[in-house]
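Trainee: Please find one structure pasted underneath; my questions will follow.
See the structure below:
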């Protein structure tokens, strides 16, 4: 992560490196015009609607008990109280509006026990009923239904339950006084007034309940049904091109929508993407405008298209390219170009909104000033998600927004642990992060129009474990937290093992190639048998983000003896517990791998060292030979990039030598000899190898000498030779 350098930045909302593959992972979702689904979240109104039902007298055919009476569905509490019927199909619940009213909309917030098929009915006398809406394919969540009719009484008449339980509603809301004439086709609109906006699809209001898309586009048919089962109605992508269509088609087939992204440099915030001069580079801007227009024209009529999203975090990211007054000019030029793109898109496709994403609410003043043609704003926000609302209020903005990435706190937002690397949240904390983020979105009513959370990804690596809902296709606590946020229930779900109390001992001094101890408490809420494994990531040690299996042995009682890598540095250790039912718990801590202790005294410490060559100015250099005998594994000797080379140390006088410890940098020796001398001229070889693999070499011997030399004959890499430490022990 690159630190923010702009002193005007009021709130840093995220940053994470992203691979090219993920940038081009394109998702799409379609909301069908079926009688009712959780995708349809309100009817459009040309006049203000009024909530007619709250606190009114309600009755029902049955209830499970006094705590679940009909009135609980009309008390305004969306998550705390509910009506629940007996467990059969022919159940009903109704409300008395007090007098005859024009009814324009009915909103049903289902608990897990939902209605698959039901009728909405009106009556003038509570006896004679007429059906104004029939639902045959309900799937729970929130059903937001446009209706037309007049009556004093409004009833939900159950036909078929969606589960083995009865029917259960958190809230049953009846609205009136609005006009609900749907627009032709599937046009998407941002409508309303300041602080009372809504997003509509084909005239039906739509709240974005989404995820960012990670799997390969070719795998969309495989994963999209699962996405839909989570209550997701939208996926977000970062790029749109010829490869997008298969994903759009799979989304449409599953009744989901897509936010089609367009990538602009420097995308991804500080440290990501290339630099573009938006003040002078007219060729780049013309090329991008032409490219975007082509794909807008291609996909504007695709039923999965929800909106177009131009750019990702570039206002923030421009600080990686410019500073001072030039940075200000570039940010103004960039957002002006975004406005040009928005105008072009509107000219081609007037039926889908245009937005632009950043990761810093300080970007919004630039959009407000330079991009009036945007229909709404977008923001990526993680640990500080709830601060977005206050920033919107403080900024006096006059457009609604969606959150295009959110979730638990990222690397850039958490404190470092004792080993100096970001302290990754636990599985439980991550799940809570998704719940909190969604509550912050829904809490900004009439302004925040929904969110696509990060990340429906399957990568099983360092970043995948931090953020993915289902790494390696295995579902985590975060997956179920999001499903509950979107659907209101996890009834019938088998959930993952929960890991707590993970410790690593010794956390700061595990010997390379030796053992350290890991302990964790693992429990499965469903009583499933759990299989546990230990994994390692060298992301902080050598930049390798992959997870590798660690050799380990069980010591019982949740304790494991784990073999440390030979490569020095800070490693991530993962305890992974699988329940055999497609669920996984993953917990992680860091361990610092150090050179294993060597018996005796390092008689080479701070002694004069010379070499055939030394790098004077490359990377962290100068790297003289004396760096290899200073006792500091943070420094190194580095040779020229050629064979052969040598390095030697003068012990001052002839001394008994029992062990040599060589701590290699990644630029290691594949073939070398250890030579000793009494006078620095005549040398004898005491050890040789042609199979060196770097990391740490320990050579035992029994000799006496004043000089010790490494004669290096074949490099293991394309670089030279590089040693952090050249230890000689008596």
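Numbering (the working numbering), first residue to last: 740 to 1469. Note that CB positions come from ideal geometry on N, CA and C, so glycine has one too. Being a predicted model, the structure only gives us computed values, none of them experimental.
Which of helix, strand or coil does DSSP assign to residue 1361?
Mentor: In this structure, residue 1361 counts as coil in the three-state DSSP scheme.
Trainee: Let's test the definition: count the other Cβ atoms within 10 Å of the Cβ of residue 1342 and tell me whether it reaches 16, buried, or not, exposed.
Mentor: buried
Trainee: If you compare alpha carbons, which of 1245, 1340 and 1038 is closest to residue 1257?
Mentor: Shortest Cα-Cα distance from residue 1257 to any of 1245, 1340 and 1038 involves 1245.
Trainee: Can you say whether residue 781 is buried or exposed, counting buried as having 16 or more other CB atoms within 10 angstroms of its CB?
Mentor: Only weak support exists for where residue 781 lies, its pLDDT of 32 falling under 50; the value from the coordinates is given anyway. By the neighbour-count rule (16 or more Cβ atoms within 10 Å), residue 781 is buried.
Trainee: Spatial neighbours of residue 1223 within its chain, please: CB distance less than 6 angstroms, with the 5 preceding and 5 following residues excluded, ordered by chain position.
Mentor: 1229
Trainee: Quick check: does the Cβ of residue 862 come within less than 7 angstroms of any heavy atom belonging to the ligand NAD?
Mentor: Annotation note on the ligand NAD: not contained in the displayed structure, which lists no ligands.
Trainee: Buried or exposed for residue 894, going by 16 or more other Cβ atoms inside 10 Å?
Mentor: buried
Trainee: With contact counted as at least three CB pairs below 8 angstroms, one residue from each stretch, are the stretch 1016-1023 and the stretch 1081-1093 in contact?
Mentor: No, the stretch 1016-1023 does not touch the stretch 1081-1093.
Trainee: Please check the pair residue 1158 and residue 1247, which I expect to be a contact at CB under 8 angstroms, by giving their CB distance rounded to whole angstroms.
Mentor: 6 angstroms
Trainee: Based on the DSSP output, what are the partners of residue 926 in its beta bridges?
Mentor: None; residue 926 has no bridge partner.
Trainee: Given that a residue counts as buried once 16 or more other Cβ atoms are within 10 Å of its Cβ, and exposed if not, what is residue 1446?
Mentor: buried
Trainee: Which of the three DSSP states, helix, strand or coil, is assigned to residue 1091?
Mentor: coil
Trainee: Return the chain-ordered list of same chain residues with a C-beta closer than 8 angstroms to the C-beta of residue 828, the five sequence neighbours on each side being excluded.
Mentor: 897, 898, 899 and 900
Trainee: Just to check my reading of the structure: residue 1097 and residue 1045 have Cβ atoms closer than 8 angstroms, yes? What is that Cβ distance to the nearest angstrom?
Mentor: In fact, because the Cβ distance is near 19 angstroms, the residues do not count as touching under 8 angstroms.
Trainee: Using a threshold of 8 angstroms, state whether the C-beta atoms of residue 1120 and residue 1141 are closer than that.
Mentor: no
Trainee: Suppose you measure from the CA of residue 913 to the CA of residue 846; what does that come to, to the nearest Å?
Mentor: The C-alpha of residue 913 lies about 7 angstroms from the C-alpha of residue 846.
Trainee: Per DSSP, what kind of secondary structure is residue 1058 in: helix, strand or coil?
Mentor: Helix at residue 1058.
Trainee: Which same chain residues, not among the five before or five after residue 1337, have their C-beta less than 7 angstroms away from its C-beta?
Mentor: 1398, 1400, 1466 and 1468
Trainee: Do residue 842 and residue 889 come within 8 angstroms of each other at the CB atom, strictly closer than that value?
Mentor: yes
Trainee: Ends of the beta strand (DSSP E) at residue 848?
Mentor: Membership of residue 848 in the beta strand (DSSP E) is indicated by the continuous run 831-849.
Trainee: Excluding the 5 residues flanking residue 1249 on each side, which residues of the same chain have their C-beta closer than 6 angstroms to its C-beta?
Mentor: 1255, 1303, 1330 and 1332
Trainee: For residue 1322 versus residue 1207, is the C-beta spacing smaller than 8 angstroms?
Mentor: no
Trainee: Report the partner residues of residue 1046 according to the DSSP bridge assignment.
Mentor: Among the bridge pairs identified by DSSP, residue 1046 is matched with 998.
Trainee: With distances taken from CA atoms, which of 936, 811, 1435 and 1283 is nearest residue 1116?
Mentor: Nearest C-alpha to residue 1116: 936.
Trainee: By Cβ distance, which residues of its chain are closer than 8 angstroms to residue 832, with the 5 residues on each side in sequence left out?
Mentor: 797, 798, 799, 800, 809, 812, 822, 824, 894, 895, 906, 908 and 911
Trainee: Can you check which of these residues, 803, 1335 and 792, is closest to residue 814 by C-alpha distance?
Mentor: 792
Trainee: Which same chain residues end up closer than 6 angstroms to residue 1437 when comparing Cβ atoms and leaving out the 5 residues on each side of it in sequence?
Mentor: Excluding sequence neighbours, residue 1437 sits near 1400.
Trainee: Taking residue 1434 as the reference, which of 1452, 1408 and 1416 has the closest Cα?
Mentor: 1408
Trainee: Touching or not, the stretch 1023-1043 and the stretch 1095-1113, by the rule of three or more beta carbon pairs under 8 angstroms?
Mentor: The stretch 1095-1113 and the stretch 1023-1043 do not touch, with fewer than three beta-carbon pairs separated by less than 8 angstroms.
Trainee: In this structure, what does DSSP give as the bridge partners for residue 1341?
Mentor: 1468
Trainee: Roughly how many angstroms separate the alpha carbons of residue 1075 and residue 949, rounded to a whole number?
Mentor: 28 angstroms
Trainee: On a CA-only basis, which of 1350, 1379, 1347 and 976 is nearest residue 1356? Give me that one, please.
Mentor: 1379
Trainee: Quick check on residue 1210: does DSSP put it in helix, strand or coil?
Mentor: helix
Trainee: Going by Cα to Cα distance, which pick from 955, 982, 991 and 979 is closest to residue 971?
Mentor: Of the listed residues, the one whose Cα sits closest to residue 971 is 991.
Trainee: Run through the stretch 1013-1048 for me and flag every whole beta strand (DSSP E) of 3 or more residues, listed as ranges in chain order.
Mentor: none
Trainee: Within 10 Å of its beta-carbon, does residue 1065 have 16 or more other beta-carbons around it, so buried, or fewer, so exposed?
Mentor: exposed
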